[in-house]
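Student: Numbering (my numbering), first residue to last: 2 to 374.
Built from N, CA and C at the ideal position, the CB exists for glycine as well.
1) According to DSSP, is residue 330 helix, strand or coil?
2) Residue ranges of each alpha helix (DSSP H) run of no fewer than 4 residues wholly in the segment 339-368, ordered along the chain?
3) Within its chain, find whatever has a CB closer than 6 Å to the CB of residue 122; leave out the 5 residues flanking it on each side and keep chain order.
4) So residue 193 packs on residue 350, CB below 8 Å; how close in whole Å?
5) Assuming residue 303 and residue 228 are in contact, meaning their beta carbons sit under 8 Å apart, how far apart are those beta carbons, in whole angstroms?
6) Please report the residue range of the alpha helix (DSSP H) in which residue 303 lies.
7) Tell me where the alpha helix (DSSP H) around residue 145 begins and ends.
8) Classify residue 170: buried if its beta carbon has 16 or more other beta carbons within 10 angstroms, exposed otherwise.
9) Decide if residue 223 is buried, meaning its Cβ has at least 16 other Cβ atoms within 10 Å, or exposed.
10) Which residue's Cα is closest to the Cα of residue 153: 138, 181 and 136?
11) Exposed or buried, which one is residue 219 when buried takes at least 16 other CB atoms within 10 Å?
12) Mind pulling the alpha helix (DSSP H) runs of 4 or more residues that sit fully within the segment 78-132?
13) Using a 10 Å radius around the Cβ and a threshold of 16 neighbouring Cβ atoms, would you call residue 150 buried or exposed?
14) Start and end of the alpha helix (DSSP H) containing residue 177?
15) Quick one: give me the first and last residue of the alpha helix (DSSP H) that residue 269 is part of.
16) Using DSSP with H/G/I as helix, E/B as strand and the rest coil, what is residue 204?
17) For residue 198, which of helix, strand or coil comes out of DSSP?
18) When the Cβ atoms of the segment 311-326 are set against those of the segment 185-192, are three or more pairs found closer than 8 Å?
19) Let's test the definition: count the other Cβ atoms within 10 Å of the Cβ of residue 371 and tell me whether it reaches 16, buried, or not, exposed.
20) Reducing DSSP to helix, strand and coil, say where residue 265 ends up.
21) Three-state secondary structure (DSSP) at residue 228?
22) Would you report the Cα separation of residue 141 and residue 129, rounded to the nearest angstrom?
23) Which class does residue 66 belong to by DSSP, given the choice of helix, strand or coil?
24) Terminal residues of the continuous alpha helix (DSSP H) containing residue 258?
25) Indicate whether residue 367 and residue 355 have their beta-carbon atoms separated by less than 8 Å.
26) How do the segment 94-101 and the segment 286-294 stand: do at least 3 beta-carbon pairs fall below 8 Å, yes or no?
27) In chain order, what residues of the same chain have a beta carbon less than 7 Å from the beta carbon of residue 108, not counting five sequence neighbours either side?
28) Within 10 Å of its beta-carbon, does residue 196 have 16 or more other beta-carbons around it, so buried, or fewer, so exposed?
29) Whole-angstrom Cβ separation of residue 233 and residue 103, contact assumed at under 8 Å?
30) Using beta-carbon positions only, say whether residue 124 and residue 134 come within less than 8 Å of one another.
31) For residue 301 and residue 281, which I take to be in contact (beta-carbon distance under 8 Å), what is that distance rounded to the nearest angstrom?
32) Which value, in whole angstroms, describes the spacing of the CA atoms of residue 49 and residue 226?
33) Would you grab the beta carbon distance between residue 330 and residue 297 for me? Rounded to a whole angstrom, and I think it's under 8 Å.
34) In three-state terms, what does DSSP make of residue 15?
35) Our contact map puts residue 343 next to residue 352 with C-beta atoms below 8 Å; I'd like the distance itself, whole angstroms only.
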């Protein structure tokens, strides 16, 4: 008895690649078949010159030289990039968000801004590539290359735009700066590179880039507050110094400030640094939402002054111990996709760099994170 043939819905609007390979096309733009196999898709939307504005690039990075094109050329994006853009809007934006309101901000507001500012578009593509890597680990190498290439394009454009910032560009600059820490933590090859650039001996790039985030927030705070990006800011309350003693962990931080191995002439600078760290712990201890707890953790790096950053670059025991306590704040929000599995290795690396006779000063931080030597 002949078996009845199963009904088949023929895709009449499928892409040319699927038709040539005689596979069913889901008619997404671009389609899933092409995105998964990194093939050109005839359904991918085209970006017109008016959609992505060209910003003149004054510098040329090694990545651009290797590709044989200058940053003075108009921005160009491949079919693979459309796949990354789609992945960001459908998946990375949700992973990046802290609540249902911020999902909409990342999916719609930020991606819309990205069509107007190439540095933001390159940054979301870089982050999307690293987020996608977890889904398709067999494609890790090409995705990491794509992420590095987009990041290399984003940074000089971001710096150029930051130097000429205005009320109009502040939201895009702020959105881009919000992605720097996720990118660098996700891209880091090892725990040491989260803080240091081993090739140059200086601090990791994100510790400088994040200063831009602080500058934008301070100068254009009112603009961002009144923009659709407001949900990303969370609670902006800053406690007074006299109120910090009410925090459950404040006594430990006050004690730490008295035992840090620092020269007398540097003590006042560290007093100010410890006040900033105490504020972050106070906000974290009282945070009622995941967004506010995350923002409390990420608030400290932009507040580092030049003296502290110089000490950290020199791997001063005092600066390293302070960063060990910062790891406790990170540990509290370690469920973020870009932070998972990063905090313990970072704290272990810090412990290795701190002289043995000073490690006892880190005992509470290590216990909180679950690190034992």
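Tutor: Concretely, from the data shown:
1) In this structure, DSSP gives residue 330 a helical state, which the three-state scheme calls helix.
2) 344-354
3) 115
4) 5 Å
5) In fact, because the Cβ distance is near 19 Å, the residues do not count as touching under 8 Å.
6) 301-304
7) 141-164
8) Counting other Cβ atoms within 10 Å of its Cβ, residue 170 reaches 16 or more and is therefore classed as buried.
9) exposed
10) 181
11) exposed
12) 80-88, 94-97, 101-105 and 112-115
13) buried
14) Here the alpha helix (DSSP H) through residue 177 covers 171-178.
15) It spans 268-287 - the alpha helix (DSSP H) in which residue 269 sits, taken as one unbroken run.
16) strand
17) strand
18) no
19) It is exposed - the Cβ of residue 371 has fewer than 16 other Cβ atoms within 10 Å.
20) helix
21) coil
22) Going from the Cα of residue 141 to the Cα of residue 129 covers about 12 Å.
23) Interpretation of residue 66 is limited by its pLDDT of 34, a score under 50 that renders its predicted location unreliable; the figure taken from the coordinates is listed afterwards. Looking at residue 66 - three-state DSSP - the assignment turns out to be helix.
24) 251-260
25) no
26) Touching, per the Cβ criterion.
27) The residues are 90 and 94.
28) buried
29) Sure, about 6 Å apart at Cβ, within 8 Å.
30) no
31) 5 Å
32) Low confidence applies to residue 49: its pLDDT is 37, below 50, so where it sits in the model is not reliable, and the reading given next is rough at best. Their Cα atoms are separated by approximately 31 Å.
33) 6 Å
34) coil
35) With a Cβ gap of about 15 Å, residue 343 and residue 352 do not count as contacting.
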